[in-house]
Amino acid sequence: MKNHSLETNPQLYARLAGALYLAVIALGIFAEAYVLNHFRSAADVASLAKNILAEPILWNLGAFANLLLVLCATALSWLLYLLLRPVNRNLMLLAAFFNIVSLAVETLSKLFQLMVKPILTSTSMAKAFEPGQLHALVNFALRSHDIAFNVALIFFGAACILYGQLIFKSGYLPKFVGVLMQIGGVSYLIACFAALFAPVLSNLINPAILALPLLGEASLCLWLLVKGVNLSKWNDLHRSKS
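Laid out in structure tokens, this is it:
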């Protein structure tokens, strides 16, 4: 029977991480960039609510994709921990903690998104509130989603900076990927702090600044999926620590 432990077969873990990262990126683009932006293109909250009720399947698919994204990202964080732990265990633990907090807050943001459709379709809510009040609740839920999502990305940005440092120092992954991940992490911090505290600045830099994190994450994703790790340098590092 083949031995598929990390030490003897790191390429399997690297390619699993790359596949999960690709799923996370694709699900995020679909759920956030396409579905939510599709509905938010409405002129006002009343029109947005009407569009959600007119296209419930698309709305549900977006919510489902967002939840699936968090599941994939959780598994991915475990694989990245295993792959980058040999470089510096303490630094990798810190990155993992930042990522865990990010995923927890992001899960909360999806709960706010999941509240929207029940608010619009519940008969008890329709009896208790006027249409304008229901629309205000929808707006509150979506705004809460945005705030929580930005907070989640702040923690993820910090994790990306640490991931980048570990990748840069690893020797078995390319330094340029580490640099791109660090640039992406800093970009997340700038974009999300601006969205939360400096809306004028946010309107100037978003969404263009988010191309930098996408570049960094896509480079890591594709490298893991296509190339994996440099086996000779991986083995050298493990021999030096054994």
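For the sequence shown, the residue numbers in full-length UniProt numbering are 1 to 242. Glycine included, each C-beta is placed from N, C-alpha and C at the ideal position.
How would you call residue i, buried or exposed, if buried means at least 16 neighbouring beta carbons within 10 angstroms?
{"i": "Ala198", "result": "exposed"}
{"i": "Leu48", "result": "buried"}
{"i": "Gln113", "result": "buried"}
{"i": "Gln133", "result": "exposed"}
{"i": "Asn3", "result": "Note on Asn3: pLDDT 48, under 50, position unreliable in the model; no value is reported."}
{"i": "Ile57", "result": "exposed"}
{"i": "Leu93", "result": "exposed"}
Residues in the same chain with beta-carbon distance under 8 Å from residue i, minus the five sequence neighbours each way, listed in chain order, please.
{"i": "Arg15", "result": "Leu224, Leu225, Gly228"}
{"i": "Ala211", "result": "none"}
{"i": "Leu27", "result": "Ala65, Asn66, Leu68, Leu69, Cys72"}
Check whether the Cβ atoms of residue i and residue j lie closer than 8 Å to each other.
{"i": "Ser109", "j": "Ala148", "result": "yes"}
{"i": "Ala104", "j": "Asn150", "result": "no"}
{"i": "Ala95", "j": "Leu162", "result": "yes"}
{"i": "Phe30", "j": "Ala65", "result": "yes"}
{"i": "Ser102", "j": "Phe156", "result": "yes"}
{"i": "Leu137", "j": "Leu53", "result": "no"}
{"i": "Leu91", "j": "Gln165", "result": "yes"}
{"i": "Ala141", "j": "Met115", "result": "yes"}
Using a Cβ-Cβ cut-off of 8 Å, state whether residue i counts as contacting chain B.
{"i": "Ala191", "result": "Here chain B cannot be found, since the structure has a single protein chain."}
I think residue i touches residue j, with their Cβ atoms under 8 Å apart; what is that distance to the nearest whole Å?
{"i": "Lys175", "j": "Val87", "result": "Not really, about 12 Å apart at Cβ, beyond 8 Å."}
{"i": "Leu83", "j": "Pro131", "result": "Their Cβ separation, rounded to whole angstroms, is 52 Å, which puts Leu83 and Pro131 out of contact at 8 Å."}
{"i": "Lys117", "j": "Tyr172", "result": "Going by Cβ atoms, the distance from Lys117 to Tyr172 rounds to 46 Å, so no, they are not a contact pair."}
In chain order, what residues of the same chain lie with their CB nearer than 7 Å to the CB of residue i, ignoring the 5 residues before and after it?
{"i": "Met1", "result": "For Met1, the predicted model reports a pLDDT of 38, less than 50, meaning its position is unreliable; a value from the coordinates is still stated below. For Met1, where only same-chain residues beyond five positions count, there are no Cβ hits under 7 Å."}
CB-CB under 6 Å to residue i, same chain, minus the five flanking residues each way: which ones, in chain order?
{"i": "Leu20", "result": "Cys72, Ala75, Leu76"}
{"i": "Ser144", "result": "Phe112"}
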